[in-house]
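Each remark here refers to the structure printed beneath this line.
There are 4 protein chains.
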Amino acid sequence: MGSTARLGSGRRTPKQKRSRQTVQAILDAVVRLLKREGAGAVTTNRIAEVAGVSIGSLYQYFPDKQAIFSALHERHIQEIDQSMQTALVDHASSALPDLLRAIVDAMIDAHARDPELHALLSAQTPPHAEWTRHFAVRLHGVFRLAIAARARELKTRRNPDKLAFVAAHMVESLSHGAMFRRPPGLSLAGARAETVRAILAYLRA
Amino acid sequence: MGSTARLGSGRRTPKQKRSRQTVQAILDAVVRLLKREGAGAVTTNRIAEVAGVSIGSLYQYFPDKQAIFSALHERHIQEIDQSMQTALVDHASSALPDLLRAIVDAMIDAHARDPELHALLSAQTPPHAEWTRHFAVRLHGVFRLAIAARARELKTRRNPDKLAFVAAHMVESLSHGAMFRRPPGLSLAGARAETVRAILAYLRA
Amino acid sequence: MGSTARLGSGRRTPKQKRSRQTVQAILDAVVRLLKREGAGAVTTNRIAEVAGVSIGSLYQYFPDKQAIFSALHERHIQEIDQSMQTALVDHASSALPDLLRAIVDAMIDAHARDPELHALLSAQTPPHAEWTRHFAVRLHGVFRLAIAARARELKTRRNPDKLAFVAAHMVESLSHGAMFRRPPGLSLAGARAETVRAILAYLRA
Amino acid sequence: MGSTARLGSGRRTPKQKRSRQTVQAILDAVVRLLKREGAGAVTTNRIAEVAGVSIGSLYQYFPDKQAIFSALHERHIQEIDQSMQTALVDHASSALPDLLRAIVDAMIDAHARDPELHALLSAQTPPHAEWTRHFAVRLHGVFRLAIAARARELKTRRNPDKLAFVAAHMVESLSHGAMFRRPPGLSLAGARAETVRAILAYLRA
DNA sequence: CATGAATGAGTGTTCATTCAT
DNA sequence: AATGAATGAACACTCATTCAT
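What follows is the structure, given as structure tokens:
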């Protein structure tokens with residue numbers, strides 16, 4: 008991990024850095040293509056071209072096309088996951104509404120940052136692929152933690168899994184909805200607030 | 008010869024009935040293929056084969072491959088929409104919890120009836136296609152109606168659009184989640200009940 | 008030929024008239040399609056549609072697609088041939104320049120009447136098909152006759168076949184050229200006159 | 008390995024030479040197919056097969072089927088054009104009859120070299136395509152040059168464009184006719200001579 | 001005879017993947 | 001490692017033709 012960089016020569020590091028850069032370039036190329044020319048234009052040859060690498064090199068780093076999408080998904084999830092983790096830590100000792108607010112914000116921001124990407128990505132991958140499941144589990148975990156830590160505040164003895172299940176789905180669905188299907192007359196800010204209010208209402212019921 | 012034109016009632020309809028049967032056969036073939044052999048096996052020639060019609064006939068009824076998926080979506084949505092409408096009417100004078108329960112049941116049942124189909128279908132269509140939007144609008148409408156009719160019971164003066172937005176997303180997301188991402192230890196029945204409880208909690212908050 | 012129309016009952020005539028009308032309709036449909044939508048649009052089904060007959064009926068009158076083009080060619084040639092014959096007869100006792108002028112006019116007019124048709128037709132049929140040969144022979148014949156009848160005026164004893172060969176090609180090529188490849192600065196009338204002059208020069212040389 | 012880059016002269020050219028060879032192979036394959044099995048056998052897959060390349064390679068060099076025919080035409084025209092140019096230069100200071108004879112020979116030889124190809128090719132391309140026009144212009148130009156340079160010999164003040172127009176059409180038409188529609192009793196040599204005589208007669212009239 | 005739904009062999013074309021250089 | 005020309009299985013789609021009604 009960090010240790011490779013510390014070893015004497017530093018000879019292997021540049022190679023690995025190059026690799027990572029190539030992988031990044033390929034992943035970025037997919038995103039650019041997806042946004043600029045639509046899903047139909049995302050062919051391996053085109054990806055390689057846009058990434059500025061040869062098609063041969065592309066296959067050096069990814070065994071097949073699907074692997075590229077998987078990697079992209081993973082990267083995307085990790086980014087969201089990261090901001091979730093941060094929200095959780097930052098508000099470890101805040102009141103529940105504040106924490107919820109932070110989580111919802113993180114989620115919406117993640118969607119807002121790259122809305123087309125998110126949309127097109129889900130169209131490209133089987134909806135029950137590993138990553139979807141994985142993401143659900145992570146989000147579920149975030150809420151389990153958040154809820155467990157505030158069991159007293161909530162005065163509830165209900166199954167925390169059940170609560171987390173509902174809360175996680177609410178945040179995901181409403182974040183997505185706030186971004187893409189907001190009805191006229193409901194601002195993004197309004198949707199944010201309403202999402203928090205809804206989850207709170209549920210948890211406190 | 009000349010007499011055929013004189014025979015009783017529906018001499019023109021068989022032509023149309025046959026058409027409808029062919030279209031049905033094609034749509035059913037897609038579903039069968041999707042379930043039995045996965046999305047990769049859904050080629051136009053294979054569809055025609057499984058449907059028991061010639062590829063030429065298939066193209067007599069659908070201008071291109073995408074049109075087949077669109078038709079399938081439309082059929083699927085209409086089925087869900089139907090059961091939603093029914094729930095709404097059947098519980099026109101029930102108490103809110105009963106109505107909500109009926110709506111959630113209709114939604115989950117629709118997902119449960121053909122879970123793979125639903126899943127694979129969404130993978131095939133751009134997520135912001137007309138039908139997705141259309142369905143969201145329909146669901147939203149169902150809730151607006153349900154909530155408006157019970158404004159007094161809810162003792163609320165909040166924007167019904169806002170309430171409907173949140174409620175609709177909760178139903179859709181949690182129905183889907185109940186079907187596909189239920190955590191171990193949460194039964195389908197439990198998820199159903201919890202979904203209703205959550206929506207109620209929100210509406211009454 | 009003419010006799011069928013003279014026979015008693017007249018029962019068969021309408022049927023034959025209908026047939027001829029259908030055939031005409033089909034032939035006209037090809038021309039219309041060719042002109043309006045280009046060669047690519049000329050499919051048997053489309054022809055039938057434009058002609059206002061069913062595809063089945065079309066195949067009642069023509070064994071296959073190629074036969075339609077053949078019939079069209081034949082009709083086209085007969086029209087040109089007709090006007091050629093007329094020119095020949097009308098100027099049976101005119102001087103050579105006048106006759107030549109009449110033939111050239113007939114030829115150019117034939118091209119001018121339906122230039123696209125003529126062009127597209129040649130693109131559709133193998134260039135050495137029967138009809139092309141046939142047409143060449145007819146034109147050749149016309150000139151043989153015209154030249155033979157004026158051998159004294161021409162004071163020539165050269166092989167009339169040779170003269171006819173050259174004259175026929177000149178008239179065909181220059182008529183076509185006058186229509187389609189006239190250089191800027193050369194009017195159609197000018198091209199007409201020049202064609203006559205050129206043939207005369209050759210015949211008198 | 009590394010040494011390959013150091014070897015003598017043309018190490019980059021093989022890439023281009025290979026390309027040219029492939030293109031040549033494809034073009035030749037079309038000609039072979041056209042001659043051996045007729046126009047109906049000329050499918051892209053068959054071309055690739057006969058050319059000994061994969062269908063994928065074929066599409067690397069030609070965007071679509073039509074482009075192959077266009078390239079073939081261009082090649083064919085350039086060959087004829089070449090021999091025309093040569094005739095013009097070789098007889099720059101010859102008398103007009105000799106020059107005419109050379110041009111007619113070049114034209115007839117071009118047709119004689121590959122008569123079926125020429126015939127089938129014209130059947131494949133719209134008769135007013137760019138190349139046809141282009142060729143007419145070239146031929147016209149050749150004659151303008153030839154005539155202009157001999158204005159004194161011809162003692163003519165007539166519009167050289169008019170003269171060239173007629174002469175060019177005579178050469179083209181009579182060369183083609185000499186090849187394909189020669190009447191019995193007229194030898195190829197006879198047709199050649201007669202063509203020259205006819206053009207001379209016209210120019211001197 | 002007319003109809004037009006049905007047929008299916010065959011077409012042009014794409015694109016993930018390989019491998020000689 | 002990198003390259004990119006070459007590959008070819010597979011696909012969506014067309015259209016001349018048939019035949020049951």
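Protein chains in written order, with our numbering: chain A, 8 to 212; chain B, 8 to 212; chain C, 8 to 212; chain D, 8 to 212.
Beta carbons are placed, not taken as given, at the ideal position from N, Cα and C, and that holds for glycine.
Helix, strand or coil at residue i according to DSSP, with G and I counted as helix
{"i": "SER90/D", "result": "helix"}
{"i": "PRO104/A", "result": "helix"}
{"i": "ALA12/A", "result": "In this prediction, ALA12/A has a pLDDT of 39, which is less than 50 and means its spatial position is unreliable; nothing more can be read from the coordinates."}
{"i": "ASN166/D", "result": "coil"}
{"i": "ALA212/B", "result": "coil"}
{"i": "LEU193/C", "result": "coil"}
{"i": "PRO3/D", "result": "Any answer about residue 3/D is impossible in this case: the structure gives chain D only from 8 up to 212."}
{"i": "ARG157/D", "result": "coil"}
{"i": "ASP112/C", "result": "helix"}
{"i": "PHE172/C", "result": "helix"}
{"i": "HIS98/C", "result": "coil"}
{"i": "SER26/C", "result": "helix"}
{"i": "THR51/D", "result": "helix"}
{"i": "SER182/D", "result": "helix"}
{"i": "VAL60/C", "result": "coil"}
{"i": "PHE187/A", "result": "helix"}
{"i": "GLY148/B", "result": "helix"}
{"i": "PHE142/B", "result": "helix"}
Environment of residue i [buried if 16+ CB atoms lie within 10 Å]
{"i": "SER182/A", "result": "buried"}
{"i": "GLY184/A", "result": "buried"}
{"i": "SER180/D", "result": "buried"}
{"i": "ALA205/D", "result": "buried"}
{"i": "ALA113/C", "result": "buried"}
{"i": "LEU195/D", "result": "exposed"}
Rounded C-alpha distance that separates residue i from residue j
{"i": "PHE150/B", "j": "ALA175/B", "result": "7 Å"}
{"i": "LEU193/D", "j": "HIS125/D", "result": "22 Å"}
{"i": "ALA158/C", "j": "THR93/D", "result": "40 Å"}
{"i": "GLU44/D", "j": "PHE76/C", "result": "22 Å"}
{"i": "LEU103/A", "j": "HIS141/A", "result": "25 Å"}
{"i": "ILE115/B", "j": "SER26/B", "result": "32 Å"}
{"i": "GLN67/B", "j": "ALA74/B", "result": "12 Å"}
{"i": "ILE87/C", "j": "VAL60/C", "result": "28 Å"}
Any C-beta of chain A under 9 Å from that of residue i
{"i": "TYR209/B", "result": "yes"}
{"i": "ALA198/B", "result": "yes"}
{"i": "THR202/B", "result": "yes"}
{"i": "LEU193/B", "result": "yes"}
{"i": "GLU179/B", "result": "yes"}
{"i": "GLY17/B", "result": "Below a pLDDT of 50, predicted positions are generally treated as unreliable, and GLY17/B, at 38, falls in that range; no measurement from the model is reported."}
For residue i, the nearest candidate out of the options (CA to CA)
{"i": "GLU123/B", "options": "SER26/B, LEU40/B, LYS24/B, ALA32/B", "result": "LEU40/B"}
{"i": "PRO190/A", "options": "PRO70/B, MET91/B, GLY148/B, ASP88/B", "result": "GLY148/B"}
{"i": "LEU207/A", "options": "ARG164/A, ASP97/A, LEU106/A", "result": "LEU106/A"}
{"i": "ARG164/B", "options": "ARG25/B, ALA58/B, SER101/B, ARG211/B", "result": "ARG211/B"}
{"i": "ARG188/D", "options": "LEU146/C, PHE76/C, SER64/C", "result": "LEU146/C"}
{"i": "VAL57/C", "options": "ASP71/C, LEU152/C, ASP35/C", "result": "ASP35/C"}
{"i": "ASP71/D", "options": "MET177/D, ILE54/D, ALA48/D, GLY59/D", "result": "ILE54/D"}
{"i": "THR202/B", "options": "ALA200/A, GLY197/A, LEU170/A, GLU201/A", "result": "LEU170/A"}
{"i": "ALA143/D", "options": "THR51/D, ALA48/D, ILE62/D, MET91/D", "result": "MET91/D"}
{"i": "PHE172/D", "options": "ARG120/C, HIS141/C, MET186/C", "result": "MET186/C"}
{"i": "ALA255/C", "options": "ASP116/C, MET114/C, ALA119/C, ARG108/C", "result": "No answer is possible for residue 255/C: the residues shown for chain C start at 8 and end at 212."}
{"i": "ASP97/D", "options": "ALA78/D, ALA153/D, MET177/D", "result": "ALA153/D"}
{"i": "ASN166/A", "options": "ALA198/B, SER61/B, ASP168/B", "result": "ALA198/B"}
{"i": "ILE84/C", "options": "HIS118/C, GLN23/C, GLN28/C", "result": "HIS118/C"}
{"i": "SER64/C", "options": "ALA46/C, LEU161/C, GLN28/C, SER101/C", "result": "GLN28/C"}
Residue i at chain D interface by Cβ criterion, 9 Å
{"i": "HIS80/C", "result": "no"}
{"i": "PHE76/C", "result": "no"}
{"i": "HIS83/C", "result": "no"}
{"i": "ARG25/C", "result": "no"}
Within-9 Å CB hit, residue i to chain B
{"i": "VAL60/A", "result": "no"}
Contact with chain C by residue i, beta-carbon distance below 9 Å
{"i": "ASP35/D", "result": "no"}
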